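K.L.:
Chains as they are written, first to last, in the numbering used here: chain H, 1123 to 1347; chain P, 28 to 251.
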């Protein structure tokens, strides 16, 4: 178990130092998410009242679209240099490779959100993180997205027309998670009573638990040659 | 094997008109919505087959990941392909029926939305198979999607149910005011569509076996 954690940590460190030098994934994800937020704002009139309700949806859509780009790019850098093959051949657990990749993608997306949230608050005049539980919503949703996203991006990267494969496979499976994230964000920023959002918050974590176990079991099949 | 397939085909050809007779002549015309309700028998039967096909794909995906035999991979793929067909029928009949009873082509009801998501998952599954060239990888990748898709469908259903619902819940109410003759017609339609599914899957399986046979024969010819 200790070795497992050490391997995961080493892989995460590799990804972070690579990203620290190139900054390719973070920069492209951030600019794209920013752009989506700006383009979506043309839907609303300035100062409209429903803005607080819809803002959560816009935020999550921007995050998911840019995340799709980032995941594809993050996996592409593993494939082109033959790095993933080298990792699979090395005597380490396949699940360590998978969760290492999940954790580094999770870190990228969380750091991006640290920049996105104030920017979003300024543009939409809504503070998304108005409740402390919103941290749990952001962490749970981003984890669920990155978990299945990493699994499917590894599959999509080895098919023809990989750019279209990832969203085509990932989005239908993410529907419950996206819905729950939008509902909790809307309820929390509107200051609704707990019964409005607690079931959705639970759904996010049940979703994460189900698919963490499923992904851990099936990941071996994706990597073996 | 060939005789079994032929028997299923003949049985299907006989049972489909019988199901039509049951739906249109045996079952009474529904008092409130009239003749449009006849679509119900084929709608429910297609839904049964569509969701059943996903279950077959799921089971075969697990068997494939454990045993790695061609049979389970072929059956998973065939079932997904025919499942997509029936899923399309569910969505189309559902929309026609919804327009005449609820006055709208589409509502974001859990069953409608779940069927639509199932349709997307099936489409993604078939795209994935089409775009993966290596036959061994194709089997493994699509098996992973078959398993994840199966776990996802109930979660989709419950999440949409919390969101909104208007679909009539016939089965949970224990037949909910349905005429016994209507129940009979529904079960005959389900039996007929299940036979049609089995017959179509058989054909798809034989095609897959032939494709593999000639693919390998081709390779042998090329390599001398």
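Glycine included, each C-beta is placed from N, C-alpha and C at the ideal position. Remember, predicted model here, so these are calculated numbers, not experimental data.
1) Anything in the region 1304 to 1338 of chain H with a Cβ closer than 9 Å to a Cβ of chain P? List those residues in chain order, please.
2) Comparing the C-beta of residue 1202/H with each C-beta of chain P, is any distance below 8 Å?
3) What would DSSP say about residue 238/P, mapped onto helix, strand or coil?
4) Could you give the distance in angstroms between the alpha-carbon of residue 128/P and the alpha-carbon of residue 1326/H?
5) Within 8 Å (strictly less), CB to CB, does residue 58/P reach chain H?
6) Rounded to whole angstroms, what is the Cα-Cα separation between residue 61/P and residue 215/P?
7) With a CB to CB cut of under 7 Å and the five nearest residues on each side skipped, what residues in its chain are close to residue 1146/H?
8) Would residue 1288/H and residue 1264/H qualify as a contact pair, given that the criterion is a beta-carbon distance under 8 Å?
9) Could you name the residues of chain P that residue 1349/H contacts, counting a contact when the two beta carbons are closer than 7 Å?
10) Just the Cα atoms here: how many angstroms apart are residue 200/P and residue 1213/H?
11) So, does the CB of residue 11/P fall closer than 8 Å to a CB anywhere in chain H?
12) Would you verify that the beta carbon of residue 144/P is, or is not, closer than 8 Å to some beta carbon of chain H?
13) Is the CB of residue 199/P under 8 Å away from at least one CB in chain H?
14) What's the C-alpha gap between residue 245/P and residue 30/P?
15) Quick check: what's the CA-CA separation for residue 91/P versus residue 170/P?
16) Taking DSSP's pairing of strands, which residues face residue 61/P in a bridge?
17) To the nearest angstrom, how far is the alpha carbon of residue 122/P from that of residue 73/P?
18) What residues of chain H sit near residue 159/P, judged by a beta carbon separation below 8 Å?
19) Taking Cβ positions, are residue 1189/H and residue 1151/H nearer each other than 8 Å?
20) Do residue 1217/H and residue 1341/H have their beta-carbon atoms positioned less than 8 Å apart in this structure?
21) What are the residues of the region 167 to 183 of chain P that lie near chain H, defined by any Cβ-Cβ distance shorter than 8 Å?
22) Quick test of your reading: residue 118/P and residue 142/P, contact by CB under 8 Å. State the CB separation rounded to the nearest angstrom.
23) Tell me the rounded alpha-carbon separation between residue 1258/H and residue 166/P.
24) Nearest-angstrom Cα distance between residue 43/P and residue 234/P?
25) Examine chain B for any beta-carbon lying closer than 8 Å to the beta-carbon of residue 164/P, and answer yes or no.
26) Within a Cβ cutoff of 7 Å, which residues of the same chain sit near residue 1198/H, ignoring the five residues on either side of it in sequence?
27) Could you tell me if residue 1227/H is buried or exposed, where buried requires 16 or more neighbouring beta carbons within 10 angstroms of its beta carbon?
28) So which residues on chain P does residue 1213/H lean against when the C-beta distance must stay under 7 Å?
29) Using a C-beta cutoff of 8 Å, does residue 1259/H count as contacting chain P?
30) Quick one: Cα of residue 188/P to Cα of residue 1302/H, how far?
31) Under 8 Å between C-beta atoms, does residue 1295/H make it to chain P?
32) Is residue 1185/H closer than 8 Å to residue 1235/H when the C-beta atoms are compared?
33) Can you look up residue 49/P in the DSSP assignment and give me helix, strand or coil?
34) Between 227/P, 248/P and 97/P, which lies nearest to residue 32/P when the distance is taken from Cα to Cα?
P.N.:
Reading from the atomic positions:
1) 1305, 1321, 1322, 1325, 1328, 1329, 1332, 1333, 1336 and 1337
2) no
3) Three-state DSSP puts residue 238/P in a helix.
4) 35 Å
5) Closer than 8 Å: no.
6) Going by the C-alpha atoms only, they are around 21 Å apart.
7) 1195
8) no
9) Outside the shown range of chain H, which is 1123 to 1347, sits residue 1349/H, and nothing can be said about it.
10) Here residue 200/P scores only 45 on pLDDT, less than 50, and its place in the model should not be relied on; the value that follows carries that caveat. In this structure, the alpha-carbon of residue 200/P lies about 56 Å from that of residue 1213/H.
11) Past the boundaries of the shown model lies residue 11/P; chain P is included only from 28 to 251, so the question cannot be answered.
12) yes
13) Model confidence at residue 199/P stands at a pLDDT of 47, short of 50, so the residue's coordinates are unreliable; what they give is reported in the following sentence. Taking Cβ atoms only, chain H never reaches closer than 8 Å to residue 199/P, which makes this a no.
14) 28 Å
15) 7 Å
16) 57/P
17) 14 Å
18) 1280, 1281 and 1282
19) Cβ atoms of residue 1189/H and residue 1151/H: closer than 8 Å.
20) yes
21) 167, 168, 170, 171, 172, 174, 175, 176, 178, 179, 182 and 183
22) 6 Å
23) Each residue's Cα considered, the two are about 37 Å apart.
24) A direct Cα-to-Cα measurement between residue 43/P and residue 234/P gives close to 24 Å.
25) Included in the structure are the protein chains H and P, with no chain B among them.
26) 1279
27) buried
28) None at all; the shortest Cβ gap to chain P is about 22 Å.
29) no
30) Roughly 12 Å separates the two Cα atoms.
31) yes
32) yes
33) Looking at residue 49/P - three-state DSSP - the assignment turns out to be helix.
34) Here the closest residue by C-alpha is 227/P.
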